[in-house]
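Have a look at the structure below before the remarks.
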């Protein structure tokens, strides 16, 4: 059995970089589906205007962000989509990494039953809502411990950071409301990977 990724007690930028290339695994109805993480965004907690915990906001919806690093934070947005985050840091340090895209490697047929309109493999999990739908991730998985749970976890594929030549960085997507925080380069992705949700122009990223 593959070794689990356990190094979650990190600041969100380091964690986001370290998660690139690791394998996200979901076991659903006895079927294992998985993919390599190729895009992630860091959310820096109470000082980050784009974070759900900005200003120390604490609600039933975002309570999982206050758990120790290594837990899942799953939220529902726009009345139709789920998004999955990996909590970093330590207890009551509400930081997280949004998983934006994976490269599907296992259980593709199972993923396609949940995303039948995705005609191309590259469109199957190339976005946070697409990823969650393909992996059958919903609020029932909110707060689970990625280090021990058997429904959703991350497997280590390598030690050490992604080679610098493969690491892309840009501003986060969809956070224009966050003022100067909208321009912070807190989105990390694998350069040249076709499963990334959006590739910035050379001028921007």
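Residue numbers (the working numbering): 26 to 230. Positions of the beta carbon are idealized from the N, C-alpha and C atoms, including for glycine.
| Query | Result |
| --- | --- |
| Status (buried if at least 16 other CB within 10 Å, exposed otherwise) for residue 144 | exposed |
| Chain C within 8 Å of residue 138, Cβ atoms only | Given the protein chain composition of this structure (a single chain), no chain C is represented. |
| DSSP-derived helix/strand/coil call for residue 71 | helix |
| Nearest neighbour of residue 137, chosen from 122, 48, 155 and 124 [CA to CA] | 155 |
| DSSP state of residue 119 mapped onto helix, strand, coil | coil |
| Start-to-end residues for the beta strand (DSSP E) that takes in residue 51 | 48-53 |
| Within 8 Å, strictly: CB atoms of residue 147 and residue 99 | no |
| Span of the alpha helix (DSSP H) around residue 40 | 37-44 |
| Proximity of residue 214 and residue 120 at Cβ, strictly below 8 Å | no |
| When 122, 208 and 51 are compared against residue 45, the one with the closest alpha-carbon | 122 |
| Anticipated Cβ contact below 8 Å, residue 222 with residue 210, distance rounded | Incorrect: roughly 16 Å between the Cβ atoms, too far for contact. |
| Proximal residues to residue 111 (C-beta, below 6 Å), its chain only, five neighbours per side dropped | 122 |
| Segments assigned beta strand (DSSP E), at least 3 residues, entirely inside the stretch 99-154 | 106-112 and 121-131 |
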